[in-house]
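> In order, the protein sequence lines correspond to chains P and D. Per the working numbering, the first sequence starts with residue 4, numbered consecutively. Per the working numbering, the second sequence starts with residue 4, numbered consecutively.
There are 2 protein chains.
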Amino acid sequence: MAMSKAVRRRRPPASLAVAVDLVIFTVRNGRLQVLLIERGNLPYRGEAALPGGFVRDGEALGAAARRELREETGVGGGSLHLEQLHAYGEPGRDPRGRIISIAYLAFGPDLPVPQAGTDASAAHWIPVSSVLDGQITLAFDHEEILRDGLERVRSQIEHTTIAAAFCKEPFTIADLRQIYEAVWGVPLDPSNFRRKVMKTEGFVVPIGERRSPDIGRPAALFRRGLAKTLTPPLTRLGSIAQPLADDEKLT
Amino acid sequence: MAMSKAVRRRRPPASLAVAVDLVIFTVRNGRLQVLLIERGNLPYRGEAALPGGFVRDGEALGAAARRELREETGVGGGSLHLEQLHAYGEPGRDPRGRIISIAYLAFGPDLPVPQAGTDASAAHWIPVSSVLDGQITLAFDHEEILRDGLERVRSQIEHTTIAAAFCKEPFTIADLRQIYEAVWGVPLDPSNFRRKVMKTEGFVVPIGERRSPDIGRPAALFRRGLAKTLTPPLTRLGSIAQPLADDEKLT
DNA sequence: ACAAAAGTGTTGTGAATACACCCATGC
DNA sequence: GCATGGGTGTATTCACAACACTTTTGT
């Protein structure tokens, strides 16, 4: 407690790097999928990992995330929702040295399958379930990051209108419902879902057109509204209250 | 799009440091207060700032936060709630150079007024309102961090039981209610509040004793329960739905 | 007795669920 | 017509805000 004070002069550690990692979600074929790359370099060469890279000199964190997003997916900057998720900095998380990673969460409509990434490694959409099942293991602590991102997006669509960001415009109420069903992994009542969405002012706005499904009555088409928050929220009923340990594990 | 691939070799920037900053909240005299230090060194010498410091070599982020917390408040590790808030990394945010800060949010019961900090600067509890009012300006981007922390804690007590972490055990229902009132800045109905808390299993557990206030009927005493989440949540009714831009500002 | 705070009862309102039912289209 | 999905109506249940009311203390 009476430690020397003069000794504790503010000096950063010798060598350390800051990276961004991306958890990019989309919904394809009714399933939540995440963009994974196959690592082309050591360590973990050949294994699956989240896309990411080092933050450049003078580059803002969000700008680095958006740059990596563009490099990995070829999608322009403005069209995807992007938000900071969490910082990961366990000393041993990367065998190359002390690397602190700021994870970002991105999602958008069913995106074109990405080309081979700029670091010459393949990128693929992988169902999130196959990672959680253990069929696919991720490099570094990326599975933890993925789980945190999943929990975040599951929570976000409860309180905000960002589920609509998963939909290509224009979209139907059923399209939007399938986002919720894929992200939460539970079926929702179509009629009640429709009512909740419609009654939330500014969630979706009708464009006055219709789209015929393969079979059945044509559905009205909508685009995203201006509202950002859902009041009251869309409660995910079927799911049991999970612990949701937001705290960080402290050694 | 057809940018040179070989050029983009992963190399971190030349000089950069990682720090932690702390938003430490408590409730004193019915008001939400934040721990601020008066900076003893340049830049911003003499101005108010959040406590914080550089992450040491081989030190986990959460460990660095807990160390700074202990150094600034003298409070032991286990007794305060601590969670990661957000990472701030705008290139120009610190005039000393590229410093990326991982902000942590901490709160606990009415803590002893801290001694002069280890870097020989005074630390004080300051009402959050006096920062928001503009009476006090903070160094760096610390006002933004404080606002984010405030929004986080306001949201957290809606969905989780962490409001009880603000209370010294044992506590009364009224003690807990005053936390909510101070954090949200709205008065709550004592009877309805009591019912909601009692009906949430595992939020508080009675210890079978009572405590007499200065005047009035004695109140039952409780300690924190095991529940972590509130289902259904405690909705903050009086407050209007605010935009809550969770997105990061991207240049 | 009185003031003050703890705690209980009650009622109207609105939201969530479950499910019956009607509508519009392709075949 | 019939299957299929879009969309509406409605009853039951439940949570909540509002507020009247009772209980238990100190002075």
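Quick reminder that beta carbons are idealized off the backbone N, C-alpha and C, glycines included. Since we're looking at a predicted model, the values are computed, not measured.
Which bits of chain D does residue 90(P) rub up against, with CB to CB less than 7 Å?
64, 87, 90, 105, listed in chain order.
> Along chain D, in chain order, which residues have C-beta atoms closer than 8 Å to that of residue 156(P)?
Going along chain D, no residue has its Cβ under 8 Å from residue 156(P), so there is no contact; the nearest lies around 12 Å.
> On the criterion of 16 or more Cβ atoms from any shown chain inside 10 Å, does residue 138(P) qualify as buried, or is it exposed?
Exposed, by the Cβ-count rule.
> Assuming residue 163(D) and residue 114(D) form a contact by the criterion Cβ under 8 Å, report the distance between their Cβ atoms to the nearest whole angstrom.
At roughly 21 Å, the Cβ-Cβ gap does not stay under 8 Å, so residue 163(D) and residue 114(D) are not in contact.
> Going residue by residue through the segment 98-172 of chain D, where are the continuous alpha helix (DSSP H) segments of at least 4 residues, counting only ones entirely within it?
With a minimum length of 4 residues, the continuous alpha helix (DSSP H) runs that stay inside the segment 98-172 of chain D are 131-135, 145-162.
> Please state whether the Cβ-Cβ distance between residue 227(D) and residue 172(D) is less than 8 Å.
It is a contact, given that the beta carbons lie within the stated cut-off.
> Given a cut-off of 8 Å, decide if residue 152(P) and residue 88(P) are closer than it, judged by their beta-carbon atoms.
Contact: yes.
> According to DSSP, simplified to helix, strand and coil, what is residue 96(P)?
In the structure shown, residue 96(P) sits in coil (DSSP, three-state: anything other than H, G, I, E or B).
> Reducing DSSP to helix, strand and coil, say where residue 57(D) ends up.
In this structure, residue 57(D) counts as strand in the three-state DSSP scheme.
> Residue range of the alpha helix (DSSP H) that residue 183(P) falls in?
That run of the alpha helix (DSSP H) goes 176-187.
> Considering just the uninterrupted stretch of the beta strand (DSSP E) at residue 28(D), what are its terminal residues?
Looking at the DSSP string, the run of the beta strand (DSSP E) that includes residue 28(D) is 20-31.
> Using the Cα positions of residue 202(D) and residue 128(D), report the straight-line distance between them to the nearest angstrom.
Rounded to whole angstroms, residue 202(D) to residue 128(D) spans 34 Å at the Cα level.
> So for residue 16(P), helix, strand or coil by DSSP?
Because residue 16(P) sits at a pLDDT of 47, beneath the cut-off of 50, its placement in the model cannot be relied upon, and the following sentence gives the value as read from the coordinates. It is coil, neither helix nor strand.
> Quick check: residue 176(P) and residue 208(P), are their CB atoms within less than 8 Å of each other?
Cβ distance not < 8 Å, so residue 176(P) and residue 208(P) don't count as in contact.
> If we call anything under 8 Å between Cβ atoms a contact, is residue 90(D) one with residue 27(D)?
For residue 90(D) and residue 27(D), no; Cβs fall outside 8 Å.
> Measure the alpha-carbon distance for residue 42(D) versus residue 67(P) and round it to whole angstroms.
Rounded to whole angstroms, residue 42(D) to residue 67(P) spans 31 Å at the Cα level.
> So, does the CB of residue 219(D) fall closer than 8 Å to a CB anywhere in chain P?
For residue 219(D), the answer is no, since every Cβ of chain P falls outside 8 Å of its Cβ.
> Going along the chain, which residues of its own chain have a beta-carbon closer than 8 Å to the beta-carbon of residue 71(D), five neighbours each way excluded?
Excluding residues within five positions, the ones whose Cβ falls inside 8 Å are 23, 25, 54, 55, 56.
> Locate the beta strand (DSSP E) running through residue 196(D), then write down its first and last residues.
Run containing residue 196(D): none in the beta strand (DSSP E); it sits in the alpha helix (DSSP H), 193-202.
> Please state the DSSP three-state secondary structure of residue 39(P).
Looking at residue 39(P) - three-state DSSP - the assignment turns out to be strand.
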